[in-house]
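Those letters in the sequence shown? Residues 305 to 761, by the numbering used here. Cβ atoms here follow ideal geometry from the backbone N, Cα and C, with glycine treated the same way. Treat the numbers as computed from the prediction; the structure is a model and nothing was measured. In what follows, a single structure is set out as structure tokens and then discussed.
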Amino acid sequence: MKITLTIRAELEQYLKHKGLSMTEFGHIVGLNVGTVSSIVTGNRVLSVNQLDRITTGMELPPDYLYERFIEECIKEEPLNWRRISPFLYRCVELDRLDCLQRVVFLLLDNPKYLPSLFEVAENVYKDGYNEAAAFLYENVAVSEKNQHSDNFAVCQYRLFTIRIGDDQEKNYDAAVQFEPYVERLDEIDQLEALKDLANTYRSLRKWDKLELFAKAMGDKAKIQYKLEQQRYHVNKDNSKKPNFPLFAYWAFSHLLRAEACEGRKDYEQALQHTYAYADLSWVNATDETALKWKRQYEDWAVVNTFLIKLLSGDKSVLPNYVNYISSRKDEVLPALDIILRAANRYHFDVDVILKQFEGEIASFLEQKKVEGLYTQRFTTERYTHFSRELAIYLLRKGRFSDGFAFLFSCLERSAEANNKIQAIRCMRLFTHFKEHASAHTKAVYGNLIKVVNEDEE
């Protein structure tokens with residue numbers, strides 16, 4: 305059995321092996337001789353900074369002594385947050401989640417450390433260390449569960465945002481799990497949380513859920529906007545600021561509700577919601593950010609009016625719609641999706657339009673996140689829907705090679721996103737046109753299905 309040396313013994317052994325005095329080693333690592341002597345004699349409890357300096361001086365991996373640090377300087381000593389806190393951050397930075405977990409479990413027994421652990425979670429979350437942040441939020445939430453604290457609700461919100469990814473089923477589970485905690489957030493955080501929930505259900509095409517949370521966001525934004533105006537008129541506004549202007553949340557609420565109506569084929573009501581956010585003349589703010597969002601919603605109202613009328617069967621708007629999106633790159637994918645949906649439903653010929661945007665169609669696989677209230681997740685979902693609509697259009701036209709290519713692209717993307725409903729639709733579509741598939745096309749399809757089935761397992 306290998307005997308594990310203490311940090312002090314490890315350092316002593318290194319100094320003897322290298323023939324270094326404590327003074328010489330101190331110069332190397334930037335510590336004075338008294339500090340080095342106290343560490344070697346065991347009269348000083350190491351700080352993380354000192355540990356890292358010693359480890360570097362001994363030419364060891366940065367986390368080499370971390371497990372022994374926990375045993376000697378944390379477990380065997382009275383808990384000291386000033387010493388422990390820097391160690392937690394270093395564990396996160398070096399991806400030593402095992403060490404982070406060991407120390408956190410020691411601290412959870414004492415409720416006084418919960419606010420401090422929550423602060424660490426917030427900081428590492430902002431820095432993008434999602435796995436470590438999730439562990440901290442989960443454990444703080446469990447400990448705060450019966451305390452009715454604000455931190456508990458924030459933990460649940462952060463966990464929701466961390467869990468959202470490319471897997472649609474997991475996204476749905478994360479949204480349902482978070483729903484009960486929205487009302488426990490403060491008023492401004494509620495707006496962001498409702499926006500994120502609505503966007504999640506939007507990408508899932510859960511229209512009733514989208515309507516529910518979009519309406520709640522709009523109602524709360526309207527109340528907060530009125531309160532903001534009251535504070536402005538008395539020259540007192542020290543309140544927490546939202547990420548977007550309050551009127552933008554209200555407008556986005558109507559945009560989302562219009563989309564929910566589109567999904568249910570209630571086009572008249574969809575137009576009413578669109579007309580609502582088209583007119584923001586009542587907004588008093590004239591700063592650059594406010595003007596930017598007012599212009600953005602005016603633009604969206606124009607293009608969405610076109611698409612709603614098109615979906616209701618009004619082909620006459622097509623020329624204006626296409627002209628409008630031609631100079632708006634971020635609107636091309638959503639617009640083509642709508643155009644193809646209408647073409648397939650009402651048997652329009654849109655070959656000329658597809659030819660016009662063939663370059664954009666080829667580049668959609670490289671689509672990146674757009675600014676603001678749209679999300680990458682929504683863009684990915686839109687691409688799978690678009691590629692299936694395009695496949696239907698091309699297959700009906702007898703352009704089987706291109707049609708199957710886009711069908712397979714949709715199937716592959718749907719499988720990656722665990723979008724089972726869309727994947728099943730792709731399979732049914734292939735079956736319907738299977739007689740027109742070449743032997744090679746059938747082989748490609750067979751290989752894709754194998755991959756899909758393997759992912760299921």
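Is it buried or exposed for residue i, if we count other Cβ within 10 angstroms and need 16 for buried?
{"i": "Val-446", "result": "exposed"}
{"i": "Asp-367", "result": "buried"}
{"i": "Asp-512", "result": "exposed"}
{"i": "Lys-449", "result": "exposed"}
{"i": "Lys-672", "result": "With a pLDDT of 42 at Lys-672, under the threshold of 50, the predicted position of this residue should be treated as unreliable, though the coordinate-derived value follows. Result: exposed."}
{"i": "Leu-309", "result": "exposed"}
{"i": "Val-656", "result": "exposed"}
{"i": "His-321", "result": "exposed"}
{"i": "Leu-699", "result": "buried"}
{"i": "Ser-325", "result": "exposed"}
{"i": "Glu-532", "result": "buried"}
{"i": "His-736", "result": "exposed"}
{"i": "Pro-546", "result": "buried"}
{"i": "Ile-643", "result": "buried"}
{"i": "Leu-364", "result": "exposed"}
{"i": "Ala-743", "result": "exposed"}
{"i": "Phe-373", "result": "buried"}
{"i": "Phe-548", "result": "buried"}
{"i": "Phe-409", "result": "exposed"}
{"i": "Thr-327", "result": "exposed"}
{"i": "Thr-339", "result": "buried"}
{"i": "Ile-728", "result": "exposed"}
{"i": "Asn-723", "result": "buried"}
Rounded to whole angstroms, what is the Cα-Cα separation between residue i and residue j?
{"i": "Thr-745", "j": "Arg-717", "result": "18 Å"}
{"i": "Asn-608", "j": "Asp-618", "result": "13 Å"}
{"i": "Gln-354", "j": "Val-424", "result": "21 Å"}
{"i": "Ala-741", "j": "Phe-708", "result": "8 Å"}
{"i": "Lys-526", "j": "Val-587", "result": "11 Å"}
{"i": "Ser-557", "j": "Tyr-485", "result": "20 Å"}
{"i": "Gln-726", "j": "Tyr-650", "result": "22 Å"}
{"i": "Lys-754", "j": "Leu-715", "result": "12 Å"}
{"i": "Leu-560", "j": "His-452", "result": "32 Å"}
{"i": "Arg-312", "j": "Gly-330", "result": "14 Å"}
{"i": "Tyr-601", "j": "Arg-632", "result": "14 Å"}
{"i": "His-442", "j": "Ala-436", "result": "The residue asked about is misnamed: residue 442 is Glu in this sequence, not His. Distance between the alpha carbons of Glu-442 and Ala-436: 10 Å."}
{"i": "Ile-696", "j": "Asn-627", "result": "24 Å"}
{"i": "Phe-464", "j": "Asn-434", "result": "11 Å"}
{"i": "Val-674", "j": "Arg-357", "result": "In this predicted model, Val-674 has a pLDDT of only 42, less than 50, meaning its place in the structure is not dependable; the value taken from the coordinates is given anyway. Roughly 43 Å separates the two Cα atoms."}
{"i": "Phe-391", "j": "Val-480", "result": "35 Å"}
{"i": "Ser-667", "j": "Val-636", "result": "11 Å"}
{"i": "Ala-438", "j": "Pro-382", "result": "27 Å"}
{"i": "Ile-665", "j": "Phe-610", "result": "21 Å"}
{"i": "Pro-638", "j": "Glu-685", "result": "10 Å"}
{"i": "Phe-734", "j": "Gly-750", "result": "11 Å"}
{"i": "Ser-389", "j": "Leu-421", "result": "9 Å"}
{"i": "Arg-406", "j": "Lys-613", "result": "60 Å"}
{"i": "Phe-482", "j": "Glu-473", "result": "14 Å"}
{"i": "Gln-317", "j": "Ala-478", "result": "52 Å"}
{"i": "His-689", "j": "Glu-371", "result": "50 Å"}
{"i": "Ser-691", "j": "Ser-713", "result": "7 Å"}
{"i": "Ser-507", "j": "Leu-752", "result": "24 Å"}
{"i": "Trp-385", "j": "Cys-459", "result": "21 Å"}
{"i": "Thr-360", "j": "Glu-426", "result": "29 Å"}
Tell me, to the nearest whole angstrom, how far the beta carbon of residue i is from that of residue j; I am working on the premise that it is less than 8 Å.
{"i": "Thr-578", "j": "Ala-555", "result": "Thr-578 to Ala-555, Cβ: 10 Å. No contact."}
{"i": "Phe-661", "j": "Leu-694", "result": "Not quite, the Cβ-Cβ distance comes to about 11 Å (not below 8 Å), so this is no contact."}
{"i": "Gly-567", "j": "Arg-645", "result": "The Cβ separation is near 11 Å, so there is no contact."}
{"i": "Ala-564", "j": "Leu-514", "result": "5 Å"}
{"i": "Asp-470", "j": "Ala-719", "result": "That belief does not hold up - the Cβ atoms of Asp-470 and Ala-719 are roughly 11 Å apart, past 8 Å."}
{"i": "Asp-399", "j": "Asp-454", "result": "Not really, about 30 Å apart at Cβ, beyond 8 Å."}
{"i": "Val-428", "j": "Val-396", "result": "5 Å"}
{"i": "Tyr-553", "j": "Leu-495", "result": "5 Å"}
{"i": "Leu-498", "j": "Tyr-529", "result": "The Cβ separation is near 15 Å, so there is no contact."}
{"i": "Ile-841", "j": "Lys-544", "result": "Given that the chain is displayed from residue 305 to residue 761, the structure contains no residue 841 and the question cannot be resolved."}
{"i": "Val-444", "j": "Leu-418", "result": "6 Å"}
{"i": "Ile-343", "j": "Leu-315", "result": "7 Å"}
With a cut-off of 9 Å, does the C-beta of residue i fall near any C-beta of chain D?
{"i": "Leu-489", "result": "Considering every chain present, this structure includes no chain D. It has just one protein chain."}
Got a sec: does the ligand GTP put a non-hydrogen atom nearer than 8 Å to the Cβ of residue i?
{"i": "Leu-614", "result": "With respect to small molecules bound, the structure shown includes none, and the ligand GTP cannot be examined in it."}
Exercise for review: Report the residue ranges of all alpha helix (DSSP H) runs contained in full by the segment 601-644; include only those spanning at least 4 residues, in chain order.
Suggested key: Complete alpha helix (DSSP H) runs here, min 4: 622-629.
Review point. So, do the segment 493-504 and the segment 515-528 have three or more beta carbon pairs nearer to each other than 8 Å?
Key: Output reads yes: the segment 515-528 touches the segment 493-504.
Point to revise | Segment contact, 8 Å Cβ cut-off, at least three pairs: the segment 591-599 with the segment 566-574 | key: Too few Cβ pairs lie closer than 8 Å, so no.
Exercise for review: Decide if the segment 413-433 is in contact with the segment 336-356; the criterion is three or more beta carbon pairs, one per stretch, under 8 Å apart.
Suggested key: No, the segment 413-433 is not in contact with the segment 336-356.
Practice item. Identify every run of the alpha helix (DSSP H) within the segment 417-445, keeping only runs that are complete inside it and at least 4 residues long; order them along the chain. Key: Runs found: 418-430.
Point to revise | Uninterrupted alpha helix (DSSP H) stretches inside the segment 563-594 (no shorter than 4 residues) | key: For the segment 563-594, the full-length alpha helix (DSSP H) segments reaching 4 residues or more read 571-582 along the chain.
Check your understanding: What alpha helix (DSSP H) runs, 4 residues minimum, are completely inside the segment 434-516?
Key -> Assignment of alpha helix (DSSP H) within the segment 434-516, counting only whole runs of 4 or more residues, yields 434-448, 454-467, 472-482 and 491-508 in chain order.
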